Amino acid sequence: MKTLSELTEREVIALAIASEEEDSRIYQTFADRLRTDFPSSAEIFDDMAEEERHHRNSLYDFYRERFGEHLPPIRREDVRGFLKRRTVWWNAGVDLDKMRREAELMELQAANFYEKAAQQTLDVGVRELFTKLAEVERGHERKASELHTAHLTENAEAAEREAQRRLVVLQYVQPGLAGLIDGSVSTLAPLFAAAFATQNNWETFLVGLAASVGAGISMGLTEALSDDGQITGRGSPVLRGVICGLMTALGGLGHTLPYLVPDSWPNAFFVATTIAAVVVAVELVAISWIRTRYMDTPFLRAAFQVIVGGVLVLLAGIFIGNA
């Protein structure tokens, strides 16, 4: 494997052509990924991809004049210490901000490459070409800003912000909220049934722990297996499953942990149950707030729906535990 300084001018230009071709493909991939939800940003990446193709064509025209048609089969990975592109396009969860940051890094690396290549070449024409390309790459940040102004009008930016918010809700908030609701509500009946049936804090804790962990595993698998995210745009099923499972377990553990109060304490069962009831109230209010904040549900309606459901499950558990 050679270093950049060991390459001939022919190889360096061929490497630059391959790099510009790859960068154009990356930008085009970003544009295609964004086109449905972020059409204005997709146009920005379309323009950047076109500019990279223009660089490739200019380099190839220069190469043909000097060395003919045949390009040596040299790639980035054939050169020690040469810039490498991270394969972020394989990540289904990569968002618009990550794409923009990756583009900035790519432009910086490309500019550094052309500056270094210009310094080592003895050919005036090649040096002039590389210096010009380095200046162009350095100016890509300004160019991106110009493209941003041209494509992202105030209405377009507002639409893209709303699209980004919807994606966050679909990929993170919805599975987390579903888990929190299930964990907070579904575990109430077995927990309080065990509490009033046994009047024993430790046994109640074990029942609540089992219910919380079991519900977390069940909800996590259900969420992960229900939708692969390819059509709905809900993102990685594994990530959604993990979020849903953890929030389900957390929702159940919240009102289970108070039953760690030692049975040897005075009025231990009353203390633990009182704390658990307060935790349940906090959980239900928190769920109502999340629904209001992210699902645009009026708080009073959300609170009524969640609290009524929670109270019914709680009463069912108490009734069964006292039977």
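Counting from 1, position 314 in the sequence shown corresponds to residue 313 in numbering that gives the first Met the number 0; the numbering is continuous, with no gaps. Every residue gets a Cβ at the ideal spot worked out from N, C-alpha and C, and that includes glycine. It should be emphasised that the depicted structure is a prediction, and the values quoted were computed from it without experimental measurement.
{"query": "Do you know how far the Cα of Ser-225 is from the Cα of Leu-6?", "result": "53 Å"}
{"query": "Starting from Trp-201 and walking both ways along the alpha helix (DSSP H), at which residues does that stretch end?", "result": "200-225"}
{"query": "Only counting the same chain, and skipping five residues up and downstream in sequence, which positions put a Cβ closer than 6 Å to that of Glu-282?", "result": "Ser-183, Gly-253"}
{"query": "Taking Val-305 as the reference, which of Asp-181, Arg-9, Ala-223, Val-241 has the closest Cα?", "result": "Asp-181"}
{"query": "If distances are taken between C-alpha atoms only, which option among Gly-178, Val-270, Leu-58, Tyr-26 comes closest to Ile-43?", "result": "Tyr-26"}
{"query": "Looking only at DSSP bridge pairs, what is Arg-79 linked to?", "result": "Thr-2"}
{"query": "Which value, in whole angstroms, describes the spacing of the CA atoms of Val-312 and Asn-199?", "result": "21 Å"}
{"query": "With a threshold of 7 Å on Cβ separation, who are the neighbours of Lys-1 within its own chain once the five nearest residues in sequence on each side are excluded?", "result": "Val-78, Arg-79"}
{"query": "Quick one: is Thr-273 buried, meaning 16 or more other Cβ sit within 10 Å of its Cβ, or exposed?", "result": "exposed"}
{"query": "By how many angstroms is the C-alpha of Gly-308 removed from the C-alpha of Thr-298?", "result": "Correcting the residue type first, residue 298 is Phe in the shown sequence and not Thr. Those two C-alpha atoms are separated by around 15 Å."}
{"query": "Assuming Ala-41 and Ser-23 make a contact with CB atoms under 8 Å, what is their CB distance in whole Å?", "result": "No, Ala-41 and Ser-23 are not in contact; Cβ-Cβ is about 15 Å, not under 8 Å."}
{"query": "Taking only three categories from DSSP, how would you classify Leu-176?", "result": "helix"}
{"query": "Quick one: Cα of Thr-291 to Cα of Ala-301, how far?", "result": "7 Å"}
{"query": "Tell me whether the beta-carbon of Glu-51 lies closer than 7 Å to the beta-carbon of Glu-19.", "result": "yes"}
{"query": "Mapping the DSSP letters down to three states, classify Ser-57 as helix, strand or coil.", "result": "helix"}
{"query": "On the premise that Gly-240 lies in contact with Leu-220, defined as a C-beta separation below 8 Å, what is that separation, rounded to the nearest angstrom?", "result": "7 Å"}
{"query": "Applying the 10 Å Cβ sphere with the 16-neighbour rule, what's the burial state of Ser-287?", "result": "buried"}
{"query": "Any idea what DSSP makes of Leu-256, helix, strand or coil?", "result": "helix"}
{"query": "Could you tell me the alpha carbon to alpha carbon distance between Gly-316 and Ala-280, rounded to whole angstroms?", "result": "16 Å"}
{"query": "In angstroms, rounded to a whole number, what distance separates the CA positions of Glu-202 and Phe-191?", "result": "11 Å"}
{"query": "Pick from Thr-186, Ala-193, Ser-235: whose alpha carbon is nearest that of Ser-211?", "result": "Thr-186"}
{"query": "Asp-22 by DSSP, collapsed to three states: which one?", "result": "helix"}
{"query": "Does Pro-174 pass the burial test, meaning 16 or more other C-beta atoms within 10 Å, or should it be called exposed?", "result": "buried"}
{"query": "How long is the line joining the alpha carbons of Glu-10 and Glu-76, rounded to whole angstroms?", "result": "13 Å"}
{"query": "Could you tell me how far apart the beta carbons of Gly-244 and Met-218 are, in whole angstroms, since I believe they sit closer than 8 Å?", "result": "6 Å"}
{"query": "According to the neighbour-count rule (16 or more other Cβ atoms, all chains shown, within 10 Å of its Cβ), is Ile-230 buried or exposed?", "result": "Here Ile-230 scores only 44 on pLDDT, less than 50, and its place in the model is too uncertain to base an answer on."}
{"query": "Leaving out the 5 sequence neighbours to the left and right, which residues in its chain are closer than 7 Å to Val-278 when beta-carbon positions are compared?", "result": "Gly-253, His-254, Pro-257"}
{"query": "First and last residue of the alpha helix (DSSP H) that includes Tyr-293?", "result": "267-294"}
{"query": "Relative to the alpha-carbon of Asp-295, which residue among Ile-319, Val-168, Asp-96, Asn-266 has its alpha-carbon at the smallest distance?", "result": "Val-168"}
{"query": "Looking only at its chain, what residues have a beta carbon closer than 6 Å to the beta carbon of Ala-15, apart from the 5 residues adjacent to it on each side?", "result": "Leu-58"}
{"query": "For the candidate residues Gly-124, Leu-314, Leu-95, whose alpha-carbon lies nearest to that of Pro-189?", "result": "Leu-314"}
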